[in-house]
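As they're listed, the protein sequences go chains A and B. So the first sequence is numbered by the working numbering: it starts at 98 and just counts up by one. So the second sequence is numbered by the working numbering: it starts at 41 and just counts up by one.
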Amino acid sequence: MNAIRKELELVSVTKRYGATVAVNAINHRFQPGGYACLLGPSGCGKSSTLRMIAGHETVSDGSILLGGSDISHLPPAKRGTAMMFQNYALFPHLSVAENVAFSQKMRGVDRQERLKKAGEMLELVDLSALSDRLPDQLSGGQQQRVALARALITRPDVLLLDEPLSALDPFLRIRMRGELRKLQRELGISFIHVTHGQDEALALADEIVVMNNAVIEQAGSARDVFNAPTTAFVAQFIGGHNVIALPGGHFAIRTDAVAIGQAGAGNLQGNILGVEYQGAHVSVATMIAGDQEINALVPETEFFENPLNPGDQVGLTWDDANLHKLTA
Amino acid sequence: MLKNNTFIGWLMALPIMAVLVFFLVLPIAMIVMVSFWKATEFSIIPAFDLGNYEFLFGSNVTYRVFFNTFKYAFLTWVFTLSIGFTVAYFLAFHVRSQTWQIVLFLLCTIPFWTSNIIRMISWIPFLGRNGIANSTLISWGVIDQPLDWLLFSDFAVILAFVHLYTLFMVVPIFNTMMRIDTSLIEAARDAGASGAQILWNVIIPLTKPGIMIGTIFVVTLVMGDFITVRFMSGSQSANVGRLISNDIALLAYPSAAATAVVLLLTVLLVIGVMLRFVDIRKEL
């Protein structure tokens with residue numbers, strides 16, 4: 098769709114609301130044409146960052162560059178970005194086709210032309226059959242596709258998605274994230290997707306940017322972030338990790354890299370707190386000396402060869418190569 | 041079991057039904073009934089007689105007075121709508137903090153702490169021939185002679201109506217506007233809409249139900265009014281309400297009832313037509 102992929106870059110972008118700093122001088126260069134996820138807990142500044150990129154929030158300090166030019170003070174529609182809102186923000190009084198054609202109407206494109214263009218967009222999201230309906234008459238997933246079509250009709254260089262899947266039920270969420278990923282590949286434009294769900298970020302993103310307390314904690318490919326978290330926050334937030342304080346400092350280790358053996362053997366001794374059956378795996382929570390909790394993810398068949406119960410003493414084993422030293 | 045439930049349902053609806061029948065249906069039925077009675081200078085005779093309606097529809101005065109009533113309703117509607125929409129828009133979209141929204145909104149309601157009549161009459165010393173408005177304009181040198189049309193004129197009537205009823209437009213419009221999701225406005229801006237385009241393509245269409253409810257309030261109030269027209273026009277103009285009140289003063293109840301029935305049907309017709317255009321159910 099776009100021959101030239103433009104690179105989006107944040108240069109010490111800051112957002113202040115009075116005395117509170119929502120986004121604190123963050124720097125990041127997004128991969129052009131990639132799928133990036135801004136991941137973090139609520140209030141970490143990820144939404145403010147997205148809204149600043151979109152132009153719905155002013156930048157207190159710093160610049161946002163798209164394809165080398167500063168867009169931080171342009172109005173939203175002049176930036177080459179388009180935003181898909183959390184609740185989709187479809188105009189309830191307009192039909193699906195009119196919703197999609199809205200930006201064309203604002204630019205003065207005549208009715209026939211804009212509806213034709215909207216039709217093409219609706220075809221892209223596989224919704225041509227419903228073009229005369231009102232948003233209220235659509236399911237959540239269909240509304241999302243309309244919102245997607247409405248954002249894409251402006252041919253943006255960057256599509257900004259604000260928690261796009263949070264309003265859907267879990268089953269639909271997984272299906273829609275597959276569709277988002279597919280669409281991004283087809284269009285080849287950058288998607289920047291804000292989420293607080295680590296599974297969503299891991300499933301979708303080429304690049305994960307983990308934010309906490311108004312700063313970027315870690316950025317990298319999904320595998321890098323998951324396999325080598327650099328801070329305790331990232332290790333905990335991305336899930337599947339234990340953060341252990343050992344004599345050499347704090348370390349992260351994946352829960353599936355911890356094995357459970359006989360009491361007396363292994364690296365550390367623990368006391369089983371709870372056992373949770375998760376289908377393919379069984380999650381065993383243990384308490385080691387110093388009141389530290391360590392989870393071990395044991396394959397189901399292995400666990401039931403030698404079942405354990407809360408209260409049992411066990412030895413925890415791991416390969417030291419799997420320990421990652423944490424900076425904070 | 042089902043029968044029992046139906047019975048309980050009717051029983052629960054009984055109090056409100058009793059109130060409505062007693063205070064709404066019966067009086068209207070009474071008015072309709074009396075409108076067919078015969079009246080002479082000295083007596084009222086129960087009958088089924090179309091004479092009152094014949095007289096009403098045969099008289100030129102009726103048409104002029106109805107036209108006048110519509111004129112007042114229309115002009116008042118135009119002004120209350122433009123002022124009310126502007127005020128509501130300001131409160132809903134420009135005043136950011138909720139505290140200030142409430143403060144300013146309460147400020148709008150302060151005039152309602154006094155009675156309609158007092159608010160109306162207070163215009164008289166202001167607009168009179170030697171009133172504040174005229175003397176101020178003369179002292180500024182804007183005019184040499186006092187303006188006669190300020191008081192006891194259609195201008196004064198419309199002014200009083202607008203003053204009395206603008207709030208009835210502000211409240212429902214403000215209420216509807218507060219329900220507009222701000223992300224819709226952001227989405228419109230994201231799509232490149234200018235301020236005027238957002239107003240025309242997003243805010244006004246979404247405010248229509250509120251506008252319609254305000255319109256119903258204002259139109260019914262103005263069409264049923266008689267005291268404002270009497271005071272502010274100095275008894276020089278008439279509307280249907282005054283026609284009815286004059287008939288009552290002359291004890292011509294059947295004639296008053298017939299006029300009331302026609303007025304009621306006219307108002308219902310106007311509202312019926314308006315409701316065809318806008319669906320207000322979402323607001324209720």
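Every residue, glycine too, gets a C-beta built ideally from N, C-alpha and C. No experiment lies behind these values; they were computed from the predicted model shown.
query	result
Would you mind stating whether B/M272 and B/L204 have Cβ atoms separated by less than 8 Å?	no
Determine, for A/K103, whether the minimum Cβ-Cβ distance to residues of chain B falls below 8 Å.	no
Taking the C-alpha atoms as reference points, what is the distance between A/A100 and A/I123?	Its pLDDT being 48, under 50, A/A100 is placed unreliably in this model, and the value from its coordinates should be taken loosely. Using only the alpha carbons, I get a separation of about 29 Å.
I'd like the span of the beta strand (DSSP E) that includes A/A174, first residue to last.	Here A/A174 belongs to no beta strand (DSSP E), and DSSP marks it neither H nor E.
Classify B/T216: buried if its beta carbon has 16 or more other beta carbons within 10 angstroms, exposed otherwise.	buried
What residue from B/F192, B/L191, B/A173, B/S193 has the CA that sits closest to B/D184's CA?	B/A173
Provide the residue(s) that pair with A/S160 in DSSP beta bridges, ordered along the chain.	A/V108
Looking at chain A, which residues of the stretch 227–246 of chain B have a Cβ within less than 8 Å of any of its Cβ atoms?	A227, A228, R229, D230, A231, G232, A233, S234, Q237, N241, V242, P245, L246
Threshold first: 4 residues or longer. Then list the alpha helix (DSSP H) segments lying entirely within the stretch 269–306 of chain B, N to C.	280–289
Can you give the beta carbon distance from A/A298 to A/C134, rounded, assuming they're within the 8 Å contact cut?	4 Å
With 8 Å as the C-beta to C-beta threshold (strictly closer), list the residues of the stretch 224–246 of chain A near chain B in chain order.	none
Indicate whether B/A227 and A/A186 have their beta-carbon atoms separated by less than 8 Å.	yes
For the stretch 126–141 of chain B, which residues have a beta carbon sitting closer than 8 Å to at least one beta carbon of chain A?	none
Mind checking if A/D288 is an interface residue toward chain B, Cβ cutoff 8 Å exclusive?	Looking at the sequence itself, residue 288 of chain A is Phe, so the reference to Asp does not match. With 8 Å as the cut-off, A/F288 does not count as an interface residue toward chain B.
On a CA-only basis, which of B/L308, B/V262, B/M252 is nearest B/V318? Give me that one, please.	B/M252
If contact is defined by three or more beta carbon pairs under 8 Å, each pair taking one atom from either stretch, is the stretch 139–147 of chain A in contact with the stretch 215–231 of chain A?	no
On the premise that A/G115 lies in contact with A/N309, defined as a C-beta separation below 8 Å, what is that separation, rounded to the nearest angstrom?	Actually they are not in contact, since the Cβ atoms of A/N309 and A/G115 sit about 21 Å apart, beyond 8 Å.
Please list, in chain order, the chain A residues whose beta carbon lies closer than 7 Å to that of B/S273.	Here the premise fails: no neighbours, minimum Cβ distance about 41 Å.
Return helix, strand or coil for A/F348, following the three-state DSSP convention.	strand
In chain B, which residues lie less than 9 Å from A/P173 when you measure between Cβ atoms?	E226, R229, D230, A231, G232
Assuming A/N324 is part of the alpha helix (DSSP H), what are its boundary residues?	319–324
Out of A/E402, A/A319, A/N364, A/E399, which has the shortest C-alpha to C-alpha gap to A/I385?	A/N364
Please list, in chain order, all residues of the same chain as A/A362 whose beta carbon is under 8 Å from its beta carbon, the five residues on each side excluded.	G412, T414
Taking only three categories from DSSP, how would you classify B/I56?	helix
Restricting to Cα atoms, I'd like to know which of A/S109, A/V206, A/F268, A/P261 is closest to A/S157.	A/S109
Under a three-way DSSP split, which group does A/G237 fall into?	helix
Spatial neighbours of A/N392 within its chain, please: CB distance less than 8 Å, with the 5 preceding and 5 following residues excluded, ordered by chain position.	N339, T352, V355, S380, V381, A382, T383
Looking at chain A, is there any beta carbon in it that lies within less than 8 Å of the beta carbon of B/D221?	yes
Quick one: is A/R211 near chain B, going by C-beta distance under 8 Å?	no
So within the stretch 71–123 of chain B, which uninterrupted beta strand (DSSP E) runs reach at least 3 residues, ignoring any that extend past its ends?	none
To the nearest angstrom, report how far apart A/E283 and A/E217 are at their CA atoms.	15 Å
Hey, how far is the Cα of A/L221 from the Cα of A/Q240?	14 Å
Closest to A/A316 by CA distance: which of A/H190, A/A325, A/I305, A/P326 is it?	A/I305
Under 7 Å between beta-carbons, which chain B residues line up against A/S200? List them in chain order, please.	A231, G232
Is the Cβ-Cβ distance between B/Y293 and B/I84 less than 8 Å?	yes
Could you check where the beta strand (DSSP E) with A/R270 kicks off and where it finishes?	Here A/R270 belongs to no beta strand (DSSP E); instead the alpha helix (DSSP H) covers 267–284.
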